[in-house]
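I have placed the structure first, in the form of structure tokens, so that the comments after it can refer back to it.
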Amino acid sequence: MHRGVWSKQEDQKLIDYITKHGEGCWRNLPKAAGLIRCGKSCRLRWMNYLRPNLKRGNFSEDEDDLIIKLHALLGNRWSLIAGRLPERTDNEVKNHFNSHLRRKLIKMGIDPNNHKISHYLHIKRLEFFPENSTKSENDGAISDASSSCANDQQITSSLLPDLNSVP
DNA sequence: AACCGGTACAACCGCTTGTTA
DNA sequence: CTAACAAGCGGTTGTACCGGT
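So the first sequence is residues 1 to 167, counted in full-length UniProt numbering.
And the structure:
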């Protein structure tokens, strides 16, 4: 069983076969198409890279925003997120989020796992709301959780897009 | 030129879900 | 109902590439 990166010849065999016979029956496809791959691998290759109408390449700002909004709403449900992005695959969205958007959110002081304000912004919060900083906070202690939470929501909402505006 | 570390993305693996007999 | 199988999903790993030293 061949594994690893797909060659041009393999791609062409897969395209030719599916163009002629259509998708489905992935288990039997490799043999029928003359490929030394498992059906699962063929399906993945087709779905993520060979399928027509796939948009390849850089993500636009709009797409980034939408992915962030949807991830905040749906979590790691990449296929659902990709479903809202025409011409993008779940694998592509997942990779893009993990390699680009995760870093972007961290830079903004947002925890990419739950889209909440990160500990780093606790410091920033003191800059936003100096009137709420108590003496103990100034001494380095953690502030009262309830007031912290309310303030964090204010900061977070100023940084995060409005999730209700997701199309 | 050679090596190394970091990054981006392609591909695989294991598990879950849906379907059918 | 349930067992077997196919398809789908998300986490993880592998690999090519690039810039720095």
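Just so it is clear, CB atoms sit at the ideal spot from N, CA and C, and this is done for glycine as well.
Starting from the C-beta of Asp16, find all residues in its chain whose C-beta is less than 8 Å away, skip the five residues before and the five after it, and write them out in chain order.
Only Ala33 meet the Cβ criterion.
Who are Ile117's beta bridge partners in DSSP?
Answer is Ile110.
Applying the 10 Å Cβ sphere with the 16-neighbour rule, what's the burial state of His71?
buried
Considering only residues of the same chain and omitting the five flanking positions on each side of Ala82, which have a CB-CB separation below 7 Å?
Arg88, Thr89, Asp90 and Val93
By how many angstroms is the C-alpha of Gln12 removed from the C-alpha of Arg3?
16 Å
Applying the criterion that 16 or more other CB atoms from any shown protein chain within 10 Å of the CB defines a buried residue, is Glu10 buried or exposed?
Around the C-beta of Glu10, 16 or more other C-beta atoms lie within 10 Å, and the residue is accordingly described as buried.
Using the C-alpha atoms, what's the distance from Asn76 back to Glu23?
Glu23 and Asn76: Cα-Cα distance of roughly 27 Å.
Suppose you measure from the CA of Asn114 to the CA of Ser60; what does that come to, to the nearest Å?
23 Å
With burial defined as no fewer than 16 other Cβ atoms inside 10 Å of the residue's Cβ, what is the status of Thr19: buried or exposed?
exposed
Would you say Leu29 and Cys42 are within 7 Å of each other, going by their C-beta atoms?
yes
Within the same chain, show all residues whose beta-carbon is closer than 7 Å to that of Met47, passing over the 5 residues directly before and after it, in chain order.
Correct list, in chain order: Thr89.
Could you check how far apart the C-beta atoms of Leu101 and Ile67 are, in whole angstroms? I think they sit under 8 Å.
6 Å
Sorted by chain position, which residues of the same chain lie with C-beta nearer than 6 Å to Arg27's C-beta, five sequence neighbours on each side aside?
For Arg27, where only same-chain residues beyond five positions count, the Cβ hits under 6 Å are Gly39.
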